[in-house]
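Residues 133 to 217 (our numbering) make up the sequence shown, in order.
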Amino acid sequence: MIDERIRIQENYDMTMETAIDEAREEGLEQGLEQGLERGLKQGLERGRYEGQLELIRKMLSKGLSLEVVSDVTGLSVEELETLLS
Numbered sequence: 133m134i135d136e137r138i139r140i141q142e143n144y145d146m147t148m149e150t151a152i153d154e155a156r157e158e159g160l161e162q163g164l165e166q167g168l169e170r171g172l173k174q175g176l177e178r179g180r181y182e183g184q185l186e187l188i189r190k191m192l193s194k195g196l197s198l199e200v201v202s203d204v205t206g207l208s209v210e211e212l213e214t215l216l217s
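Pasting the structure below:
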């Protein structure tokens, strides 16, 4: 009787440990996936920003006025000045 209770308790403990390990692993996987998605999104946004800034600088270096660059990019002159500062 006592041996059976000990065996049941050991099985319960092993089941709980397995469940905890699986939950921990699932949580880590979800966290990693979310982190990768967030990092990719930030990287793409940064790349777009850098590309736009490079294009603005090239247009200005070709002698285009801030007003023309503003018209082409859709950014206000103030936004352009802020980006370039």
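Virtual Cβ for every residue (Gly too), placed ideally from N, Cα, C.
Fair warning: this is a prediction, and the values are worked out from it, not measured in the lab.
Closest in alpha carbon position to Leu-198, among Gly-163, Ile-134, Leu-216, Ala-155, is Leu-216. Per the coordinates, the alpha-carbon of Arg-189 lies some 10 Å from the alpha-carbon of Leu-196.
If one requires a minimum length of 4 residues, the alpha helix (DSSP H) runs lying completely within the stretch 169 to 214 are 198 to 205, in chain order.
When rounded, the separation of the alpha-carbon atoms in Thr-214 and Leu-207 is 11 Å.
Residue state for Met-133 is assigned as coil, using DSSP reduced to three classes.
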